[in-house]
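Below is one structure, written out as structure tokens; the observations come after it.
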Amino acid sequence: MAARGEFSSRLGFILAAAGSAVGLGNIWGFPTQVASNGGAAFVFVYVILAFVLAYPVLMAELVIGRATRANMVDALGEISNSKIGRATGIWGFITVSLILAFYSLVAGWMLAYFLQTISQILGFDAVSLWLTTSSIERDVIFCAIFMAMTAGIVTGGVSGGIERWSVRLMPTLIIIVALLIIYVSFQQGALEGWKAYLLPDFKRVMDPDLLVNAMGQAFFSMSLGVGTMLVYGSYVSKKESLPSLGAYVALVDIGVAILAGMLIIPAMYVALHNGVQIFSESGELIAGDSLIFTVLPALFDSMGPIGLFVAFAFFALMLIAALTSSISMLEVPVAYITESKGIGRKRAVWMLIGAILVVSTIIAFNMGSLFGLVINLTTKYSQPLLGLALCIFAGWVWKRDEILNELKEGNENVEHGLFWKIWPWYVKFVCPIVIAIMFYRSVI
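Numbers in the numbering used here are just positions in the sequence shown, counted from 1, shifted up by 775.
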């Protein structure tokens, strides 16, 4: 079997793992969650829950991955020494592949809107209209192009593909967000957006819905449960201290989510000032795809000629966020196929891309009935249950001494520190209970 890849630097891993965590959900989901759930009160709760819920699960994935040096199926099979472990890994494989199938459709829309800004600058009005008009043909073509971009990076391997591109894409993403925040903040109406985002309504802090929403956002924004962090953990050097690496990833992910809010919410209030509707009929801020493909394009149109360049930068940002997540998702099944089936990386990548594109095409042809269904099945039901399973494997199944030995690889004194005093019992008792409550609340 070919030698396994490894991240060549700590920064490379942090940016790749943070890139996996920073996806479209951070940029279109987090800001509107904040504005609809008590402003800075939600940010406050989110940051706390990111560390008390998401970070321990993130650590479980990283430790299992690095100890076993294997894909999710083989890793869970090894630590549990059972078919249940392998079956859980295959469940993760299927879930992440389905997520990538619908995610690539959404990313394809981002790519179409990004190219539309270029065609409009060049004056190709007919092309611009086709790019922004929903059709099965457009959806499938741009989904396929986005998947090919993802495959092109993943075929390069860990250090030559994933790390190399993450180190370029993540700083670019942060720079674009920062520049757009500066520009939007000087527009009329932005101050109202800053108030909605930053002024806390502390009466909402103990609101059960706010807590569940913040918990869900913290959990899903770090792309937990489906094995991406487990596989990335398997490529981490034994010299690295995993608790500190995990903390860096969590901080970058939280930081980018907060930055996204500093861009999106003021931008929505600028749009309101310019006559664009930003509230739904029920009085809530418009979120999700309507925000990205209706509210913000209307804002860019209202800005005059400069709006085209702002739109170009914004959709470039969305495309980068989508790409840094999709490469980590594709790596989960690729790692399994190459290691367990002995298939070469390039062949495995293109086989999987072909299979996932077929699923995406089926969804595109049945958008009304399948799109929402697949999203709910994977992110609302499967992902939290997989997170729960990982906590059980790390807390109840895997031997505590083996976990400690793995953590000592990068930090000899880890058992005397605060992390080892809290994390083992926390991931064993607290995380499963909290995730189970969150799951119950989300499905009733």
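Ideal placement from N, C-alpha and C gives every residue a C-beta, glycine not left out. These numbers come from a predicted model, not from an experiment.
DSSP state of residue i mapped onto helix, strand, coil
i       : result
Phe877  : helix
Ile789  : helix
Phe1054 : strand
Leu1060 : strand
Ile859  : helix
Asp982  : coil
Gly1147 : helix
Lys1174 : coil
Ser1101 : helix
Thr925  : helix
Arg943  : helix
Ser1009 : coil
Gln891  : helix
Val1001 : coil
Glu1184 : coil
Thr843  : helix
Val797  : coil
Ala777  : Because Ala777 carries a pLDDT of 48, less than 50, the predicted location of this residue cannot be relied on, and no value is offered for it.
Phe1204 : helix
Thr908  : coil
Thr1153 : helix
Gln992  : helix
Met1078 : coil
Ile1219 : coil
CB of residue i within 8 Å of CB of residue j, strictly
i       : j       : result
Val809  : Tyr972  : yes
Gly1147 : Gly1000 : no
Thr892  : Leu1083 : yes
Ala876  : Ile1138 : yes
Phe868  : Val848  : yes
Ser1009 : Ala791  : no
Pro1041 : Ala965  : yes
Ala1032 : Ser996  : yes
Ala1025 : Phe826  : yes
Leu974  : Gly814  : yes
Glu938  : Arg785  : no
Leu1038 : Val959  : yes
Val1109 : Ile789  : no
Val1045 : Leu1074 : yes
Leu873  : Val1134 : yes
Met1043 : Gly968  : yes
Ile1102 : Thr843  : no
Pro1159 : Phe1090 : no
Ala919  : Leu1132 : yes
Residue i versus residue j - alpha carbon distance
i       : j       : result
Ala793  : Ala882  : 18 Å
Glu1059 : Ser857  : 48 Å
Trp1173 : Leu833  : 16 Å
Asp914  : Ile802  : 21 Å
Lys1121 : Leu1127 : 10 Å
Ala1123 : Thr1113 : 7 Å
Val1205 : Glu781  : 32 Å
Ile911  : Trp905  : 12 Å
Tyr1023 : Asp900  : 45 Å
Gln963  : Asp1076 : 15 Å
Pro1207 : Ser934  : 34 Å
Leu1092 : Arg1175 : 42 Å
Glu853  : Arg841  : 12 Å
Ile1212 : Phe1168 : 19 Å
Pro806  : Gly787  : 27 Å
Val1011 : Phe917  : 33 Å
Asn1049 : Ala887  : 25 Å
Leu837  : Glu1184 : 13 Å
Met776  : Thr863  : Any reading at Met776 needs caution, since the residue's pLDDT is 41, under 50, leaving its predicted position unreliable; the model's value is listed next. Approximately 24 Å between the Cα atoms of the pair.
Leu1047 : Ile1053 : 6 Å
Arg979  : Leu985  : 7 Å
Spatially closest choice to residue i from the options, by CA coordinates
i       : options                              : result
Ala829  : Ile911, Asp984 and Ala989            : Ala989
Ser1019 : Ile911, Gly813, Leu1193 and Ile928   : Leu1193
Met885  : Ile928, Ser960, Ile1095 and Gly840   : Ile1095
Ser879  : Val942, Ala901 and Thr1136           : Thr1136
Gly1063 : Leu786, Phe788 and Ser811            : Ser811
Trp1171 : Ala887, Lys1203, Thr1153 and Val1109 : Lys1203
Met1004 : Ser1217, Ser783 and Ala796           : Ala796
Val944  : Arg785, Val987, Lys1183 and Ala1097  : Per the sequence shown, residue 944 should be read as Leu rather than Val. Measuring from the Cα of Leu944, the nearest candidate turns out to be Ala1097.
Ala993  : Leu1165, Glu938, Trp1200 and Pro831  : Pro831
Thr870  : Trp1200, Leu1105 and Arg1216         : Leu1105
Met981  : Leu1179, Asn1188, Leu824 and Leu799  : Leu824
Phe889  : Phe1087, Ala919 and Asp984           : Phe1087
Val1218 : Asn1151, Ile865 and Pro1199          : Asn1151
Ile949  : Asn1141, Asn846 and Gly1030          : Gly1030
Thr1153 : Ser1115, Ser998 and Leu1132          : Ser998
Ala1164 : Gly798, Ser855 and Gly1117           : Ser855
Residue-chain proximity (residue i, chain D), Cβ-Cβ < 8 Å
i       : result
Arg1122 : Among the chains in the structure shown there is no chain D, since it carries only a single protein chain.
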